[in-house]
Amino acid sequence: MQRKALYDICGEILKNSGNEDWEFDTLCIFQDILHDKHPLFRPTEEVSAEDEENIRQLTERRSSGYPLQYLLGEWEFYGYPFRLSEDVLIPRPDTETLIENVLEICRRQGMRSPKIADLCSGSGCIAITLKKELPLAEVCAVELSDGALDIIKENASLNDADIRIIKGDVLKKETADMFRDMDIIVSNPPYVTAKEMAELQQEVRYEPEMALYGGEDGLDFYRTMTALWKNSLADGGRLLYEYGDGQQNDVEKILNDNDFENITLSRDLAGIFRTASAQKRR
Ligand SMILES: C[S@@+](CC[C@H](N)C(=O)[O-])C[C@H]1O[C@@H](n2cnc3c(N)ncnc32)[C@H](O)[C@@H]1O
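What follows is the structure in C-alpha cells.
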C-alpha cells in the first residue's frame, strides 16, 4: 500500500478512537517505523508488508489508549532523547521549568561546577539534562526502582552523560547520609493524592504507581525529604521541587517549617504554580 493511503486509514482509526492529537500521533508512528522524519514527502512510495503490519499494530495499540511515548519507546525532554519503558514516568514538559530554575540559579551565582543530586530520578531526564547543560557539574541520580535504574543507565549512555547513578530509598536517612555539601538538590517526587489516584486519566494508569503516589495528601515525599536531605546541603545550598497543581502553599509551608529561606515559587508554561526553590541558611 502507498504511504498516504495507509496514513489516511491509520489517521481515521485514531480519530475515531477520540484521540484529539490523531494527526500528530499518526505522523509519529510513521516516522518511527519508516525511519523518516517527513514520511509524507513521498506519498506514493510503497510501504513494505512488514512496515505496514508494524504501523497498523502501533495504531491499534494507540487507539486503545496506550501512551504514545511508551509505544515509541523514546521521547524528547529539553531537546535530548530519552528511552522509556513502563518502569518510568514519561518526562513532562512541565518539568523543564525545574531545569530552567536550576540553570538560572547557577547562572546568577556563577556556579560552573555545582554538586547536584537528583532524587527520584525516573528516566534520568533531570539529572542527564543538567549534566548536558552544565558539563562541569558533578551530578548524581538517586532512584529506588530497578527497572528505572536500568533506564537511567541506558539514557546516560545514549546522551553521553557522565553521571553517578545510585540505588537508594530517598525516604531513608542512610541514603541522605551518603551525600554531603551538595550545592543543589532537585526532585520531582511522586505527588499524586489518594483521591486523585482513584480518578487518574486512562493513559496515566499505564505509568508506575510508585512514580505517582505521594501518600494520602500527596505530600509524604516533601515532608520526609525536606527534613532528611537538608543535612546533605551545603550552607546556602538550594533545594528545588516540582509539585502538583494546587500544592504550592503546602510545599512552601514545609520548606518554611524546615527553616529554609529565600523561597521562590514558579509557574510552568501553562501558568500553573509548579516548582519551589529554597535556600538553606548560611
Ligand atoms: C514522579 S517520578 C519522577 C521521575 C523523573 N524525575 C521525572 O521528572 O520524570 C518519581 C520517581 O520516584 C521514584 N521513587 C518512588 N519512591 C522512591 C523512593 N522511596 N526512593 C527513591 N526513588 C523513589 C519512582 O520510581 C519514580 O521513578
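Each residue of the sequence shown is one higher than the last, beginning at 1480 in my numbering.
Glycine included, each C-beta is placed from N, C-alpha and C at the ideal position.
These numbers were taken from a predicted model, which means no experiment stands behind them.
Run the CB neighbour count on residue i, radius 10 Å, all protein chains shown included, and call it buried at 16 or more, exposed below.
| i | result |
| --- | --- |
| residue 1527 | exposed |
| residue 1536 | exposed |
| residue 1523 | exposed |
| residue 1752 | buried |
| residue 1487 | exposed |
| residue 1520 | exposed |
| residue 1509 | buried |
With a cut-off of 8 Å on the beta carbons, I'd call residue i and residue j a contact; round off their distance for me.
| i | j | result |
| --- | --- | --- |
| residue 1512 | residue 1498 | No, residue 1512 and residue 1498 are not in contact; Cβ-Cβ is about 18 Å, not under 8 Å. |
| residue 1690 | residue 1567 | 7 Å |
| residue 1661 | residue 1594 | 5 Å |
| residue 1634 | residue 1561 | 5 Å |
| residue 1603 | residue 1621 | Rounded, the Cβ-Cβ distance is 11 Å, inconsistent with contact. |
| residue 1559 | residue 1578 | No, residue 1559 and residue 1578 are not in contact; Cβ-Cβ is about 10 Å, not under 8 Å. |
| residue 1671 | residue 1598 | Going by Cβ atoms, the distance from residue 1671 to residue 1598 rounds to 17 Å, so no, they are not a contact pair. |
| residue 1719 | residue 1754 | 6 Å |
| residue 1589 | residue 1663 | Not quite, the Cβ-Cβ distance comes to about 14 Å (not below 8 Å), so this is no contact. |
| residue 1744 | residue 1572 | About 18 Å separates the two Cβ atoms, so there is no contact after all. |
In terms of DSSP beta bridges, what is residue i paired with?
| i | result |
| --- | --- |
| residue 1561 | 1554 |
| residue 1661 | 1712 |
| residue 1643 | 1619 |
| residue 1738 | DSSP output for residue 1738 lists no bridge partner at all. |
Please go through the same chain and pick out, in chain order, the residues whose beta-carbon is closer than 8 Å to the beta-carbon of residue i, but skip the five residues on each side of it.
| i | result |
| --- | --- |
| residue 1549 | 1563, 1564, 1565, 1569, 1685 |
| residue 1543 | 1496 |
| residue 1507 | 1547, 1551 |
| residue 1518 | 1482, 1486, 1506, 1509, 1510 |
Leaving out five residues before and five after residue i in sequence, what residues of the same chain have Cβ atoms less than 7 Å from its Cβ?
| i | result |
| --- | --- |
| residue 1710 | 1655 |
| residue 1746 | 1752, 1753 |
| residue 1552 | 1562, 1563 |
| residue 1640 | 1607, 1610, 1611 |
Please go through the same chain and pick out, in chain order, the residues whose beta-carbon is closer than 6 Å to the beta-carbon of residue i, but skip the five residues on each side of it.
| i | result |
| --- | --- |
| residue 1701 | 1730, 1733 |
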